[in-house]
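So in the numbering used here, the last spot in the sequence shown is 261, and the numbers never skip. Glycine included, every Cβ here is placed at the ideal spot set by N, Cα and C. Before any comments, here is the structure.
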Amino acid sequence: MTQPEIHQFACLKDNYGVLVHDPEEAVTLSIDAPDAPAIERALAQRGWKLTHVLVTHHHADHTAGIPALKSATGCTVIGPKAESVRIPCLDVGVAEPDTLALGRLEAKVLDTPGHTIGHITYWFPKANVAFVGDTLFAMGCGRILEGTAEMMWASLGKIAALPGDTELYCGHEYTVSNGKFGVAMEPGNDRLVARLAEAETKRAAGEPTLPTRVDVERETNVFLRAGNTAIREHVGLPAVPVWKVFANLRERKNRF
6 MTQPEIHQFA
16 CLKDNYGVLV
26 HDPEEAVTLS
36 IDAPDAPAIE
46 RALAQRGWKL
56 THVLVTHHHA
66 DHTAGIPALK
76 SATGCTVIGP
86 KAESVRIPCL
96 DVGVAEPDTL
106 ALGRLEAKVL
116 DTPGHTIGHI
126 TYWFPKANVA
136 FVGDTLFAMG
146 CGRILEGTAE
156 MMWASLGKIA
166 ALPGDTELYC
176 GHEYTVSNGK
186 FGVAMEPGND
196 RLVARLAEAE
206 TKRAAGEPTL
216 PTRVDVERET
226 NVFLRAGNTA
236 IREHVGLPAV
246 PVWKVFANLR
256 ERKNRF
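Structure follows, in structure tokens:
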């Protein structure tokens, strides 16, 4: 099949909106709905008609635009079954291992809880792309607000296990702050140091640092690298289970 067209745009304070369009079937997906006017402008610029909203989790900065978009377009709203009562206008609740057929596009649903208890990721294997919401960020990960550190570590592991060339679209532009923390935790990682410099240059020019890729995150995201010897030694946890190292890193980032 023809690869879908993907359009990413900044909205709200530091969110990203993303539209995914299948030109052969006239299917257009919005990944979450942070801000209805921004999404409507992006649709108008592209000449696309919204058919679906794919929700990753219930937080308002990912769902606030749903009622207006539903009213204007009649789009189908799909989201995590475990958070169905917290997502406005939800039509279809999904969970792993559900698969969605959206025109000629196929998405596999991955349960990736931790940030919220029902957070999900949408992975499009044939298009080589995944939409990870607030579970993973470029060189970072989401705060653990409803789940546990062990749960979040498992969720990150699912994303890290995807094919290395999978493009990852995240919910927010947090790359520079994440990179600064990462360098503080793993200063000997030259690839990480270089990536932070690259991100700072992009942001100074007003350019996005996303999407990222699975293989790049494996090399430069200290949260995925919690089992690395240098990181274990830096945080003083050489022999505990890896998820406990991850939990320590996440707590350190909260205070960074």
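Taking 8 Å as the threshold (C-beta atoms), are residue j and residue i in contact?
i       : j       : result
Arg-46  : His-63  : no
Ala-154 : Thr-180 : no
Ile-83  : His-120 : no
Phe-228 : Leu-161 : yes
Leu-105 : Val-99  : yes
Arg-208 : Gly-184 : no
Pro-216 : Leu-173 : yes
Pro-85  : Val-58  : no
Asp-66  : Pro-39  : yes
Ala-235 : Gly-187 : no
Val-134 : Ile-125 : no
Cys-94  : Ala-143 : no
Glu-88  : Gly-123 : yes
Met-156 : Leu-254 : no
Glu-222 : Leu-141 : yes
Thr-81  : Asp-103 : no
Would you tell me roughly how many angstroms separate the C-alpha atoms of residue i and residue j, rounded to the nearest one?
i       : j       : result
Thr-78  : Ile-71  : 10 Å
Ala-41  : Val-240 : 43 Å
Ala-15  : Gly-232 : 34 Å
Asp-3   : Val-137 : No answer is possible for residue 3: it lies beyond the span of the chain, which begins at 6 and ends at 261.
Glu-224 : Thr-117 : 21 Å
Asp-37  : Leu-55  : 12 Å
Thr-33  : Ala-244 : 48 Å
Glu-151 : His-26  : 32 Å
Phe-129 : Arg-109 : 11 Å
His-177 : Val-23  : 11 Å
Leu-197 : Lys-131 : 29 Å
Ala-112 : Leu-17  : 27 Å
Lys-249 : Pro-28  : 46 Å
Thr-68  : Pro-213 : 22 Å
Asn-226 : Glu-238 : 17 Å
If you run the structure through DSSP and keep just helix, strand and coil, what is residue i?
i       : result
Val-227 : coil
Ala-259 : The residue asked about is misnamed: residue 259 is Asn in this sequence, not Ala. Of the three classes helix, strand and coil, the one that applies to Asn-259 here is helix, per DSSP.
Gly-237 : The residue asked about is misnamed: residue 237 is Arg in this sequence, not Gly. Reduced to three states, the DSSP call for Arg-237 is helix.
Val-219 : helix
Leu-24  : strand
Ala-15  : strand
Glu-10  : strand
Val-245 : coil
Ala-132 : coil
Leu-34  : strand
Leu-141 : strand
What I want to know is whether the C-beta of residue i ends up closer than 7 Å to one or more non-hydrogen atoms of the ligand FAD.
i       : result
Asp-116 : Looking at this structure, you won't find the ligand FAD or any other ligand, since it has none at all.
On the premise that residue j lies in contact with residue i, defined as a C-beta separation below 8 Å, what is that separation, rounded to the nearest angstrom?
i      : j      : result
Tyr-21 : Gln-13 : 6 Å
(message) Extract the residue ranges of the alpha helix (DSSP H) inside the segment 156 to 205, only unbroken runs of 4 or more that lie entirely within it.
(response) 180 to 190
(request) Any chance you could list the beta strand (DSSP E) runs of at least 3 consecutive residues sitting entirely within the segment 53 to 128, in chain order? (result) 57 to 59, 81 to 85, 97 to 99, 104 to 107 and 110 to 116
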